[in-house]
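Student:
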Amino acid sequence: MAKTATAYKEKMKELSVFSLICSCFYPEARNKLVREFEDMEVKAINKRASGQSFEVILKPLSPVSDVAHTLPSPPKREISLEDIEKKLEAAEDRRKYQEAQVLRALAEKRDHERDVLLKAMEENSNFSKMAEEKLQMKMEQIKENRDAHLAAIMKRLQEKERHAAVVRKNKELREELTA
250 MAKTATAYKE
260 KMKELSVFSL
270 ICSCFYPEAR
280 NKLVREFEDM
290 EVKAINKRAS
300 GQSFEVILKP
310 LSPVSDVAHT
320 LPSPPKREIS
330 LEDIEKKLEA
340 AEDRRKYQEA
350 QVLRALAEKR
360 DHERDVLLKA
370 MEENSNFSKM
380 AEEKLQMKME
390 QIKENRDAHL
400 AAIMKRLQEK
410 ERHAAVVRKN
420 KELREELTA
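Position 104 of the sequence shown, counting from 1, maps to 353 under our numbering, and the rest follow consecutively.
1. Kindly indicate the opening and closing residues of the alpha helix (DSSP H) around Lys368.
2. Leaving aside the five residues before and after Ala413 along the sequence, list all residues of the same chain whose C-beta is less than 6 Å from its C-beta, in chain order.
3. Can you grab the Cα-Cα spacing for the pair Ala395 / Leu422, in whole Å?
4. In angstroms, rounded to a whole number, what distance separates the CA positions of Glu304 and Lys292?
5. I need the DSSP call for Lys252, collapsed to helix, strand or coil.
6. Within its chain, find whatever has a CB closer than 8 Å to the CB of Glu410; leave out the 5 residues flanking it on each side and keep chain order.
7. Ignore the nearest five residues each way along the sequence and tell me which others in Ala354's own chain have a CB closer than 7 Å to its CB.
8. Buried or exposed for Thr427, going by 16 or more other Cβ atoms inside 10 Å?
9. In whole angstroms, what separates the C-alpha of Lys420 from that of Glu381?
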C-alpha cells in the first residue's frame with residue numbers, strides 16, 4: 250500500500266501541469282485527455298460544474314521497477330558516550346544562549362519603558378511648571394488691571410468730589426449774593 254502511494258505521488262509530480270493548462274484552453278483536446286505512464290493511467294471524466302475531473306488508475310508494480318525505486322539506507326553509525334555528551338553540551342549552550350538573548354531583550358524593553366516613563370514624568374513636570382508660570386503671570390496681569398481700574402475709578406471719584414465741592418461753593422456764593 251505504501252509503495253503504491255509513493256508511486257502515485259511520484260507520478261503526480263511527473264504529470265505535466267502545462268498539459269492540464271493547455272487542455273483548459275483547447276476544449277477539443279479535453280475529451281481526448283488520456284495519459285499513460287509506466288504504472289499509471291490518467292483519464293478525463295465528464296466535466297462537472299466545479300471544473301475538470303480526472304481518474305487516476307495505478308497499475309501493479311513490476312518486479313523490475315520495485316528494485317529500481319528502492320534505495321539502500323546508509324549504515325547506522327554507532328553513537329559513543331562522548332558524542333552524546335558533546336550534543337548535550339551543545340544543546341545546553343544553545344539553551345543558555347537563547348535564555349541570555351531573552352533576558353537581554355527583556356532588559357532592553359525594561360530600560361526603554363523606564364526611559365519612556367522618565368521622559369513622560371519630565372514632560373509632565375515641565376508642563377506643570379509652564380502652566381503654573383502662565384497662571385502666575387495671568388494672575389499678576391489681572392491684579393495689575395484691577396489696580397489700574399481701581400486707580401482710575403478713585404481718580405474719577407476725586408474729580409467728581411472736587412467738582413461737587415466747586416458746585417457747593419458756587420451755590421453758597423449765590424445764596425449769599427441773593428440774601
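Beta carbons are placed, not taken as given, at the ideal position from N, Cα and C, and that holds for glycine.
Tutor: So, from the listed chains and residues:
1. Leu330 to Thr427
2. none
3. For the record, residue 395 in the displayed sequence is Arg; it is not Ala. C-alpha separation (whole angstroms): 40 Å.
4. 5 Å
5. helix
6. none
7. none
8. exposed
9. 57 Å
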